[in-house]
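The numbering used here puts the first residue of the sequence shown at 2, with every later residue one more than the last. A short worksheet on the structure shown next.
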Amino acid sequence: QAKLAGKSQFKFYSEEMSQELIFKSNLKTALKTALARKEIQVYFQPIFAISDAKIVGFEALCRWNHKEYGPIRPDVFIALAEETGDIVEIDRYVLCEVIKNLAEFEQQSDKISLFGTVNFCPLDFEQKDLTQYLNFQLEKYQLTNNKLEIEVTERSMLAEDETDIKQKLEELANLGVKIAIDDFGTGYSALSYVKNYRSYISKIKVDRLFVRDIEVDHADAALINSIISMAKGLGMKVVAEGIETEEQKNMLETLGCQYGQGYLISKPIPIEEFKQLVFNTEN
Ligand code: C2E
Ligand code: MG
Ligand code: MG
Ligand code: MG
């Protein structure tokens, strides 16, 4: 009896697993044509100054609406796209949308000057033609205001050897492209690469894990506090991610955090909506 039950349980799990594998493999195939079918959209999430809640920039985040399965979560499809290599084409699409809009914003208003960030995976960062590609797109849209930033995690900083990374960062710096460290505090060797690459890093983004309980958890407040002092000492700005309440924002203001991002001000929204939000509240 027990043996039988065990057997059927095994069968049950393996069926569930193969379902999952089939689903993922279907998604991988669909990814190849997702851009061409215009299923991938770029959303912008405002980044604001903590002190007065004014929007100072945005992060570009992509959304995939599959024709049958509906919306697929980025953490699911980004990982798959990294496996297949399709991420490079997707992120270059996101990058171009950001460059195009930054150039447009610059023309539209001389009172508002926003920065825009794009998320990069190690594979994007490793591409040999990255600087050449960036140079070409920046020239194409005549973007010369140094408002483009690339968000990387420690995964990109560990992917190649130090001299290669430094050379790449130097090339990006020469194009006026800045670097933000994403999900800070969740990786392994954060402090050493912040030290190594400090002259290229303009912002540190504190993961929302540390922001969530900031009012009640002294350890979180203490950690954010030290990240802020470290950043100040190195001439970098801090962006707190995942701010959902006024209380969290106030606490971050007390700690001296410069920038924030989160549902309190806005979720990631379609570009048209973002423009409405920024340019209709202009005074
Ligand atoms: P991330 O770069 O750390 O992006 C921040 C994530 O936090 C986004 O999730 C955003 O929607 C979410 N978020 C922002 N504010 C709040 C808040 O107040 N509360 C909560 N609960 N969440 C908040 P999203 O868009 O689902 O993206 C997840 C991750 O997928 C991103 O984390 C990034 O690593 C990756 N990703 C998204 N878009 C792209 C892309 O175009 N290219 C690449 N390479 N990765 C991307
Ligand atoms: Mg990010
Ligand atoms: Mg992040
Ligand atoms: Mg994150």
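Yeah, the Cβ is synthetic: ideal placement off N, Cα and C, and Gly gets one too.
TODO: Determine, using beta carbons only, whether Ile-51 and Leu-253 come nearer to each other than 8 Å.
DONE: Taking 8 Å as the cut-off, the beta carbon of Ile-51 is found closer than this to the beta carbon of Leu-253.
Task: Classification of Leu-96 by the beta-carbon crowding that lies within 10 angstroms, buried from 16 upward - done: When all chains shown are included, Leu-96 counts as buried.
TODO: Using three-state DSSP, classify Leu-36 as helix, strand or coil.
DONE: For Leu-36, the secondary structure class from DSSP, reduced to helix, strand or coil, is coil.
- [ ] State the Cα-Cα distance for the pair Lys-129 and Gly-117, rounded to the nearest angstrom.
- [x] Straight-line Cα distance between these residues: approximately 23 Å.
Task: Best match in Glu-163, Val-212, Pro-271 for proximity to Gly-186 [C-alpha to C-alpha] - done: Ranking the options by Cα distance to Gly-186, first place goes to Val-212.
Open item on the list: If you follow the alpha helix (DSSP H) that Gln-168 is in, where does it begin and where does it stop?
Closed with: It spans 163-175 - the alpha helix (DSSP H) in which Gln-168 sits, taken as one unbroken run.
Task: Beta-carbon proximity check, Leu-32 vs Ile-100, cutoff 8 Å - done: Their beta carbons are not under 8 Å apart, which means Leu-32 does not touch Ile-100 by this criterion.
Open item on the list: Taking 6 Å as the limit between beta carbons, can you name the residues of its chain near Gly-243, skipping five residues before and five after?
Closed with: Non-local C-beta neighbours of Gly-243 in its own chain, meaning closer than 6 Å and more than five positions away in sequence, comprise Arg-209, Val-212, Gly-263, ordered along the chain.
Open item on the list: Quick check on the contact list: which residues have their beta carbon closer than 6 Å to a heavy atom of ligand 2?
Closed with: The set, ordered by position in the chain, is Glu-60, Asn-120, Glu-152, Asp-183.
- [ ] Alpha carbon to alpha carbon, how far is Glu-155 from Ile-182? Give it in angstroms, no decimals.
- [x] Between the alpha carbons of Ile-182 and Glu-155 lies a gap of roughly 8 Å.
- [ ] Report yes if the C-beta of Glu-242 is less than 7 Å from at least one heavy atom of ligand 1; otherwise report no.
- [x] Indeed, a heavy atom of ligand 1 lies less than 7 Å from the Cβ.
- [ ] Please work out which residues of its chain come closer than 6 Å, Cβ to Cβ, to Lys-29, disregarding the five sequence neighbours upstream and downstream, and give them in chain order.
- [x] The beta carbon of Lys-29 sits closer than 6 Å to the beta carbons of Leu-81, Thr-85 from its chain, once the five residues preceding and following it are set aside; these are given in chain order.
Task: Val-239, DSSP secondary structure in three states - done: Assigned with DSSP and collapsed to three states, Val-239 falls in strand.
TODO: Please find out if some non-hydrogen atom of ligand 1 comes closer than 7 Å to the beta-carbon of Gly-263.
DONE: In this structure, Gly-263 has its CB closer than 7 Å to one or more heavy atoms of ligand 1.
Task: Endpoints, the alpha helix (DSSP H) within which Gly-263 is located - done: First-last for Gly-263: undefined, no H or E at that position.
- [ ] For Asp-1, name the three-state secondary structure that DSSP assigns.
- [x] There is no way to answer for residue 1, as the model of the chain reaches only from 2 to 284.
Open item on the list: Please classify Pro-72 as buried or exposed, where buried requires at least 16 other C-beta atoms within 10 Å of its C-beta.
Closed with: Flag for Pro-72 reads exposed.
TODO: Give the range of the beta strand (DSSP E) segment to which Lys-206 is assigned.
DONE: Under the DSSP assignment, Lys-206 falls in the beta strand (DSSP E) whose first and last residues are 202-207.
Task: Contact the stretch 265-276 vs the stretch 230-241: 3+ CB pairs below 8 Å - done: No: the two stretches stay apart, fewer than three of their Cβ pairs being nearer than 8 Å.
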